[in-house]
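Here the numbering used here is used: the first residue of the sequence shown is 2, the next is one more, and so on.
In this text, a Cβ means the ideal position worked out from N, Cα and C, and glycines have one as well.
The structure appears below as structure tokens.
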Amino acid sequence: MALNLNQKKEVVAELAEVASKAHSLVAAEYAGLTVEQLTDLRKKARQAGVFLKVAKNTLVSRAVEGTDYAVIQDELTGPLLFAFSQEDPGAAGRLIKDFAKTADKLKPRLVSLGGQKYPGSHVDVLASLPTREQALAMLVGLIAQPATMLARVLAEPAAQTARVINAVGQQKAA
């Protein structure tokens, strides 16, 4: 169904708002997917914090103008589905990668992150980015490691003294 001018303006405004706040973008070819598959993909996208939109390339091109995703404007050809990561930079990549395993018609075509454009094959790299919780756990581990090592070093002389006293006590008892 064709959109009138006001509807097109609404779509561009919605996409521009999402693009200005998004962490990453994955554009994928979706031709050949069934309605059930697209519905399932949308459901999974909502759960993962990914904004998923099928829109005309000219509207998307206007919406991303002036954002980090303006670099993809010259690559927008053919029917594309756009997945914007809103909470976690790797969420869109994980969503598309995981869904493409079951739906071979879904093919990642473009990945954009930090104002850079990458081919669709980089969706694996984007999907491998840690979630916020994983990144925080890694940071806590890095911060805690020196403190743990310091505690071990400081406790070692006392432990060594206790082992020596224990060994001497066992020798005298024997």
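Go to T109, then tell me how far its beta strand (DSSP E) extends in each direction, as first and last residue. Here residue 109 refers to the residue found at position 108 of the sequence shown. For clarity, residue 109 is Pro in the given sequence; the question names Thr instead. That run of the beta strand (DSSP E) goes K108 to L114.
Close beta carbons around L96, own chain, < 7 angstroms, minus the five adjacent residues each side: Stepping through the sequence shown from its first residue, residue 96 is reached at position 95. So the list reads K45, A46, A49, V51 and A84, once near-sequence residues are dropped.
Could you tell me if K102 is buried or exposed, where buried requires 16 or more neighbouring beta carbons within 10 angstroms of its beta carbon? Counted from its first residue, the sequence shown places residue 102 at position 101. Classification for K102: exposed.
Cβ shell of Q171 (< 6 angstroms), same chain only, five flanking positions each side left out: Against the sequence shown, residue 171 aligns to sequence position 170. If we look at Q171 and ignore the five residues flanking it on each side, it has no Cβ neighbours.
Range covered by the beta strand (DSSP E) that runs through E30: Working through the sequence shown from its first residue, we reach residue 30 at position 29. Start and end: S25 to E30.
Kindly indicate which three-state DSSP category A84 falls into: helix, strand or coil? Residue 84 sits at position 83 when you count from the first residue of the sequence shown. In this structure, A84 counts as strand in the three-state DSSP scheme.
With distances taken from CA atoms, which of T35, E88, A64 and K57 is nearest K23? Sequence index remark: in the sequence shown, residue 23 carries index 22 (1-based). The question names Lys, yet the displayed sequence has Ala at residue 23. Answer by Cα proximity: E88.
Pair every Cβ in the region 120 to 134 with every Cβ in the region 152 to 164, then say whether three or more of these pairs are closer than 8 angstroms. no
Candidates S62, Q38, G33 and P120: which alpha carbon is nearest A14's? Counting from 1 along the sequence shown, the entry for residue 14 is found at position 13. Comparing Cα positions, the closest option is S62.
Sequence ranges, alpha helix (DSSP H) only - wholly within the region 25 to 65, length at least 4: Look at the region 25 to 65 and you find these whole runs of alpha helix (DSSP H), each 4 residues long or longer: 36 to 49 and 58 to 65.
Buried versus exposed call for G94 [16 or more other C-beta atoms within 10 Å across all chains shown]: If you number the sequence shown from 1, residue 94 lands on position 93. That one is buried.
Whole angstroms are fine: how far does the CA of Y119 sit from the CA of M139? For the purposes of this step, residue 139 is taken as the residue at position 138 of the sequence shown. For the purposes of this step, residue 119 is taken as the residue at position 118 of the sequence shown. Using only the alpha carbons, I get a separation of about 27 angstroms.
Given K106, which residues of its chain have a CB within under 6 angstroms of its CB, disregarding the five upstream and five downstream residues? Along the sequence shown, one-based indexing puts residue 106 at 105. The answer, listed in chain order, is G33 and L34.
What are the start and end residues of the alpha helix (DSSP H) that includes V8? Position 7 of the sequence shown holds residue 8. It is worth fixing the name first, because residue 8 is Gln in this sequence and not Val. From DSSP, the alpha helix (DSSP H) with Q8 extends over L6 to K22.
Straight-line gap, A201 to L151 (C-alpha atoms, nearest Å): With the chain running from 2 to 175 in the structure shown, residue 201 is simply not present.
Three-state class that DSSP yields for A120 in the structure shown: Stepping through the sequence shown from its first residue, residue 120 is reached at position 119. It is Pro, not Ala, that sits at residue 120 in the sequence shown. Note: P120 maps to strand in three-state DSSP.
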